[in-house]
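Following: one structure in structure tokens, then a few remarks.
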Amino acid sequence: MNALALVPTPDPIPVAWGWFEGLGILTFGLHITLANVLVGGGLLALYLKLRDRNDPTASDVSTRLPTVFALTVNFGVAPLLFLQVLYGHFFYVSATLSAAWWLTIIAFLILGYYAMYINQHRVRAARPGGGIFLAAATGMTLCIGLILANVLTMMARPEAWTGYFDNPGGTMLNLLEPTLIPRYLHFVFASLAMGGLFAALPARFGKGTPEGLEKGMKVFTTATMLQMAAGVWWLVALERPVMLRFMGDSAFDTALFAIAVALTFPALAAGFRKKPVAAAAWIMAAIMAMSGVRAVVRSATLSPFFSPGDLAVTGEFSPLVLFLASLAVGLAALAYMLRLGFKTQEEG
10 MNALALVPTP DPIPVAWGWF EGLGILTFGL HITLANVLVG GGLLALYLKL
60 RDRNDPTASD VSTRLPTVFA LTVNFGVAPL LFLQVLYGHF FYVSATLSAA
110 WWLTIIAFLI LGYYAMYINQ HRVRAARPGG GIFLAAATGM TLCIGLILAN
160 VLTMMARPEA WTGYFDNPGG TMLNLLEPTL IPRYLHFVFA SLAMGGLFAA
210 LPARFGKGTP EGLEKGMKVF TTATMLQMAA GVWWLVALER PVMLRFMGDS
260 AFDTALFAIA VALTFPALAA GFRKKPVAAA AWIMAAIMAM SGVRAVVRSA
310 TLSPFFSPGD LAVTGEFSPL VLFLASLAVG LAALAYMLRL GFKTQEEG
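If you count by the numbering used here, then the sequence shown holds residues 10 to 357, one letter each, in order.
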């Protein structure tokens, strides 16, 4: 069967596609940073707690994760919307083919959020058993990441959609996709690195725990190097035409990839020098550049079937203006609430 015949007809978009791609890259960079902190913070706290159930760094990190959980979910809405605007006719098909797994994300989000709060309450009340809830919540966030990786890789492979005729129950998985495992490992190692920074940054400013700086930066540097290795695996697992775009076939894509990789080296150097603020600044820049690389990979993989530049444009600017205004107000309100929350914690 011709895979192109399975692709639905896309809807027109209100303004040029570059607006949505650019905003998608920006908002995804913010979302994935928080998601990395959430997953990595949970893994780090769980590891430290298994070594010593009274480890102060584990307690400090785990009690701050419920706030990160809420922020991760909220910041995930915008990039998902932008994805649906440009690639909805691919994304919806993939999510439907994996519907049974996709819908479990909702349950994992709710249960994981509650489990994080139960752990926080038990830690602050010096009650035992919090580690079980922390492990459950962290396991659920890892499952969410795997489901998302499955859906997002399947959406770029319309030729795999024919598996529906053998498995129409909404339980399709894309486990044979060559990029799935390195992509997921890249996410896990990135999460560990950001979890290390999450432990080290408060210690740098006299909060958190004194040993958090040492432990956090050690995890950051080790995990960042593992992440780079997984990134190389991911690169060579790409289809050859897509990989070659970053090897010189496209000057822009090659330059973007080179910048993203280059930014990780000063982040690593700052990590080895135990300078979490500098490491965070460099790694945030690298994350934004890598978000752009990710968008290029998606576009190049789908190029035999679709290009967002081919979408019809209606020229209706008011929805975009309204969104940008709402985004600005929302970010300002969020910053204000976070400032009040941190001020309350300091006074308490």
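Ideal Cβ positions, reconstructed from N, Cα and C, are used throughout, including at glycine.
Of the residues 270, 305 and 132, the one whose Cα lies closest to the Cα of residue 65 is 132. In this model, residue 49 and residue 324 are separated by some 42 angstroms (Cα to Cα). Counting the other Cβ atoms within 10 Å of the Cβ of residue 176 gives fewer than 16, which makes it exposed.
Under the Cβ criterion (8 angstroms, minimum of three pairs), the segment 88 to 102 does not count as touching the segment 137 to 157. Remark: C-beta atoms of residue 202 and residue 232 approach each other more closely than 8 angstroms.
Shown here, residue 322 sits in a strand according to DSSP, grouped into three states. A check of alpha carbon separations from residue 24 across 339, 327, 345 and 348 identifies 327 as the nearest.
Residue 82 and residue 184 have their C-alpha atoms spaced approximately 25 angstroms apart.
Contact between the segment 226 to 240 and the segment 257 to 267 is absent: fewer than 3 CB-CB pairs across the two stretches fall below 8 angstroms.
Residue environment for residue 63: exposed (fewer than 16 other C-beta atoms within 10 angstroms of its C-beta).
If you look at residue 317, you'll find it isn't in any alpha helix (DSSP H); DSSP assigns it neither H nor E.
Note on residue 115: under 16 other CB atoms within 10 angstroms of its CB, so exposed under the neighbour-count rule. Inter-segment contact for the segment 261 to 279 and the segment 212 to 223 is absent: fewer than three beta-carbon pairs are separated by less than 8 angstroms. The C-alpha of residue 174 is placed about 13 angstroms away from the C-alpha of residue 105. By the CB criterion at 8 angstroms, residue 87 and residue 71 fall outside the cutoff.
For the pair residue 289 and residue 45, the Cα-to-Cα distance works out to about 13 angstroms. Counted as a single uninterrupted DSSP element, the alpha helix (DSSP H) harbouring residue 91 occupies residues 65 to 106.
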